[in-house]
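Chemist: Okay, handing you the structure first.
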Amino acid sequence: MPLQRYGVLKARPIASRQGRGRTPHYHIHAVDNGEDYRVSVSVRSSAGASQLLYLIDDRFEHPLLERLRALPLGFCGQAPSSGGAALDYVRDNLLARERMSELPWDVPGPDDDFNELLDLWVGRALRDEDALIYAFGERFGPTHEPDPHFGFRPATGIYRVHMNQGSDAGFSKRDGAWQDGALLLWFPAIVEDGRVKLRERWVAVFVAFSSQRWGT
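Here the working numbering runs 95 ahead of the position in the sequence shown, where the first position is 1.
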């Protein structure tokens, strides 16, 4: 059965936490005009032999971006089909499997694990008051309990921010086309004295697992 609440969250990031524990996720606290969300990005595979694969494209360009600009702030549900803002790693020419790399999620030293690479770009977005994130995945909540990581209530947000098809038997029940997850960060252009000093920039974070098949 495909994901039931697939979509994209467009929001302003205000805090983050690196992934820790047995099933670590990198968490981002984001807000729209009136609601808080948690975006949870896997930084380690929960499957024994599977490795996490990632690609950070810091100059991402794609026709999809025009559709994203037009979205309102908040969560926007997406039909699992082409023509909208839904993602499909395999069918939409987003990336090739060969471009992805394996990376540990937590090792000693600076800038050498996935947590720290996410910190690099999310931290930049946190420091830019006009930056936005676009988180693709499945919505969870809202619940009456406070969020366990950031404390806001009701707890709600986006998870499954990774490829959601081609999984092995233990995880395949939620597989489907046009429902892949990803994290995009948008940085506005910098204009000084009427001149563009720095063009707008899109950074895309794609996550998959080595056990997932791409010929789906």
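The C-beta atom is built at its ideal place from N, Cα and C for all residues, glycine as well.
Only a predicted model underlies this, so the values are computations on that prediction, with no experimental measurement involved.
List the endpoints of the continuous alpha helix (DSSP H) containing W216.
Modeler: 209-222
Chemist: In the DSSP output, which residue or residues are listed as bridge partners for H157?
Modeler: Paired residue(s): none; H157 is not in a bridge.
Chemist: Output the distance between the C-alpha atoms of A284 and A303, rounded to the nearest integer angstrom.
Modeler: 30 Å
Chemist: What's the C-alpha gap between Q146 and R290?
Modeler: One C-alpha to the other measures close to 45 Å.
Chemist: For the stretch 225-241 and the stretch 260-279, state whether three or more C-beta atom pairs, one from each stretch, are separated by less than 8 Å.
Modeler: yes
Chemist: So which of H244, D270, Y132 has the shortest CA-CA distance to Q307?
Modeler: Of the candidates H244, D270, Y132, the one whose C-alpha sits nearest the C-alpha of Q307 is D270.
Chemist: From what residue to what residue does the beta strand (DSSP E) around K105 run?
Modeler: Secondary structure note for K105: its beta strand (DSSP E) is the uninterrupted segment 101-112.
Chemist: In its own chain, which residues sit with a C-beta less than 6 Å from the C-beta of A144, not counting the 5 before and 5 after it?
Modeler: Residue placement at A144 is poorly supported in this model, since its pLDDT is 49, which falls under 50; the coordinates are not used for a value here.
Chemist: DSSP state of E193, grouped into three classes?
Modeler: helix
Chemist: Should L190 and L182 be called a contact, given that it needs their Cβ atoms to be closer than 8 Å?
Modeler: no
Chemist: For a cutoff of 8 Å on Cβ pairs, would you count P283 as touching chain D?
Modeler: This model lacks chain D altogether; it includes just one protein chain.
Chemist: State the CB to CB distance for the pair V138 and H124, rounded to an integer number of angstroms; the pair is presumed to be in contact (CB under 8 Å).
Modeler: About 17 Å; that fails the 8 Å criterion.
Chemist: Taking the alpha carbon of L159 as the reference point, which residue from G178, I151, W309 has its own alpha carbon closest?
Modeler: The option with the nearest alpha carbon to L159 is G178.
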